[in-house]
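Per our numbering, the very first residue in the sequence shown carries number 60; after that it's consecutive. No residue lacks a Cβ here, since even glycine has one placed at the ideal position from N, Cα and C. Below is one structure, written out as structure tokens; the observations come after it.
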Amino acid sequence: MTFGSKVVVLILNVATGVVIARALGPSGRGAIAVAFAFALLLIQFGILGLHSANAYFASRTPAQISRILTNTIWASLGIGLLLAIAGVVLWQLFPSLLRGLDSLEIAVMLIGLPAILGTQLLQSLLLAEGRMIAYNGVELGMAAATFLGLAVILLAFSGGVLSALVLFVSVNVAGAFAFIILLRHHLRGIRRFDVPLFRTMLRYGSRLYVAALLAYLIWRTNLLLVNSYLGSSEAGKFSIAIALGDTIHLLPTVVALNLFPRIASGDDSTDTGAVFRSLTLIYGLLCIAIIPILSPLITFLYGDAFTGAATISYWLLPGIFAYGMVSVLSYHFAGRGFPLRALLVWFIGVVVNFAIAFPTLARHENVAFAALAISIGYGVVLALHMRMYAAESGGYSALIPRPTETINLLKEMAKAVIFRRRAVPLRES
Numbered sequence: 060m061t062f063g064s065k066v067v068v069l070i071l072n073v074a075t076g077v078v079i080a081r082a083l084g085p086s087g088r089g090a091i092a093v094a095f096a097f098a099l100l101l102i103q104f105g106i107l108g109l110h111s112a113n114a115y116f117a118s119r120t121p122a123q124i125s126r127i128l129t130n131t132i133w134a135s136l137g138i139g140l141l142l143a144i145a146g147v148v149l150w151q152l153f154p155s156l157l158r159g160l161d162s163l164e165i166a167v168m169l170i171g172l173p174a175i176l177g178t179q180l181l182q183s184l185l186l187a188e189g190r191m192i193a194y195n196g197v198e199l200g201m202a203a204a205t206f207l208g209l210a211v212i213l214l215a216f217s218g219g220v221l222s223a224l225v226l227f228v229s230v231n232v233a234g235a236f237a238f239i240i241l242l243r244h245h246l247r248g249i250r251r252f253d254v255p256l257f258r259t260m261l262r263y264g265s266r267l268y269v270a271a272l273l274a275y276l277i278w279r280t281n282l283l284l285v286n287s288y289l290g291s292s293e294a295g296k297f298s299i300a301i302a303l304g305d306t307i308h309l310l311p312t313v314v315a316l317n318l319f320p321r322i323a324s325g326d327d328s329t330d331t332g333a334v335f336r337s338l339t340l341i342y343g344l345l346c347i348a349i350i351p352i353l354s355p356l357i358t359f360l361y362g363d364a365f366t367g368a369a370t371i372s373y374w375l376l377p378g379i380f381a382y383g384m385v386s387v388l389s390y391h392f393a394g395r396g397f398p399l400r401a402l403l404v405w406f407i408g409v410v411v412n413f414a415i416a417f418p419t420l421a422r423h424e425n426v427a428f429a430a431l432a433i434s435i436g437y438g439v440v441l442a443l444h445m446r447m448y449a450a451e452s453g454g455y456s457a458l459i460p461r462p463t464e465t466i467n468l469l470k471e472m473a474k475a476v477i478f479r480r481r482a483v484p485l486r487e488s
């Protein structure tokens, strides 16, 4: 169900990107992509690992959900305001990062930060409760509203970047309220912020926060670097390649999301090694299969002005695969309490990425180097995660793909869909 919902959301997001590209061209697409990247980068700095901490503690101790929900609402408002102030400061110190956006467009995006943060934190509580219909339904509704709204505003009324950003913020505000309504039975009136609980969750979430922030730095900061060095047009093309990565990354994301609460709750039947082995083959084949259709697909969807995005995507594809596989192992360690070594490997990946991206972009002014830096950085992180899991499980054999096992798994999944039966656990398959 989660995968099906994500596929629909993916289609809507791709359609949204097509509408923006067709209506506003590379420059407008680049401006909106930079605004989104800047806002989401601020969210990554301010989320403090609380979305993972919400899912972790709510899975382990459901009786605390009421207190967690109250803290989540207060944290979304307070931290969101601080992030908006930080965004203004960064904009004044480094105006080239937001080149192509005017003051009002930047202000609109910053005003929406509390709602954007709130949707991420509140949704994690539904994941912990296993309420996947609600978890996926609001996300699906937000994607549909964004697509339909932009189609009307940009195509029917010839709107611009500002109107697109206003719609995006409005949809997130509505989404945050929708999550609160779905969780309203946990609310116990207006309660004070629970400081001791927040500290406990923050101790767990801080390591995940740093790891997620570093992962995001590898994935998104290069877009800001491309915009700074090469301009919004090249950033628009690079954003298409990044969007492709988000698209293909859908499969491992769904697997990792469902894996995390199972491991956190102590489900002994969950075998991360089996998940990793099968996903390596399935995801690897998916990444290979998309290569011959990339260039014609991008040209068909976005137009001739975005043809260069295909070359960028080829350089980025190894990183897309590595990042997807890292997600599974990273969520495994998160469910185990996230040891310090699982955090430290991300520092290495960030250093490798920036060591390649900064000098090559400044010297050669070729956007492909930004994609190559991401691929190498994530490749290093994947290798180090595999080493940690191999040490825990008794060797690398636990991670080596087994085609027969994967085929059996796919057969059981097909039976579950066709006959609506529950598939056998991965360990049994």
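Residue i vs residue j beta-carbon contact at 8 Å
| i | j | result |
| --- | --- | --- |
| Ile459 | Val439 | no |
| Ala210 | Val78 | yes |
| Val409 | Leu284 | no |
| Gly16 | Tyr268 | A query on residue 16 cannot be resolved here, the shown segment of the chain reaching from 60 to 488 and no further. |
| Val220 | Gly87 | yes |
| Gly436 | Ile277 | yes |
| Val313 | Glu198 | no |
| Gly159 | Gly89 | yes |
| Trp374 | Leu431 | yes |
| Ile371 | Lys296 | yes |
| Val73 | Thr306 | yes |
| Leu136 | Leu185 | no |
Per-residue DSSP class, three states only, for residue i
| i | result |
| --- | --- |
| Asp330 | coil |
| Asp363 | helix |
| Ile175 | helix |
| Thr280 | helix |
| Val426 | coil |
| Pro398 | coil |
| Asp161 | coil |
| Pro120 | The displayed chain sequence assigns Thr, not Pro, to residue 120. It is coil, neither helix nor strand. |
| Met445 | helix |
| Ser324 | coil |
| Phe53 | Given a span of 60 to 488 for the chain in the structure shown, any question on residue 53 remains unanswerable. |
| His308 | coil |
Residue i burial status per 10 Å Cβ neighbour count (16 or more: buried)
| i | result |
| --- | --- |
| Arg251 | exposed |
| Gly325 | exposed |
| Ala368 | buried |
| Pro311 | buried |
| Gln103 | buried |
| Ser217 | exposed |
| Gly396 | exposed |
| Pro462 | exposed |
| Ala473 | exposed |
| Glu188 | buried |
| Phe227 | buried |
| Ser456 | exposed |
| Ala26 | No answer is possible for residue 26: it lies beyond the span of the chain, which begins at 60 and ends at 488. |
| Gly171 | buried |
Integer Cβ distance of residue i from residue j, believed to fall under 8 Å
| i | j | result |
| --- | --- | --- |
| His110 | Ser183 | 4 Å |
| Trp405 | Ala270 | 5 Å |
| Leu83 | Phe206 | In fact, because the Cβ distance is near 15 Å, the residues do not count as touching under 8 Å. |
| Pro85 | Ala364 | 5 Å |
| Arg266 | Leu402 | 5 Å |
| Gly378 | Ile433 | 4 Å |
| Asn286 | Ala416 | The Cβ separation is near 13 Å, so there is no contact. |
*Report yes or no: do three or more beta-carbon pairs, one from the region 236–247 and one from the region 175–188, lie closer than 8 Å?*
yes
*Assess, as a yes-or-no matter, whether the region 280–298 is touched by the region 386–406 under the definition of 3 or more beta carbon pairs within less than 8 Å.*
The region 386–406 makes no contact with the region 280–298; the number of CB pairs closer than 8 Å stays below 3.
*Per the contact definition of three or more C-beta pairs closer than 8 Å, is the region 295–314 in contact with the region 144–162?*
no
*Touching by the beta-carbon criterion (3+ pairs, under 8 Å), the region 156–171 and the region 213–231*: yes
_contact_flag[the region 338–348, the region 97–105] where n(CB pairs < 8 Å) is 3 or more_ = no
_Assess contact between the region 116–133 and the region 316–324, defined as three or more Cβ pairs (one per stretch) separated by less than 8 Å. Is contact present?_
yes
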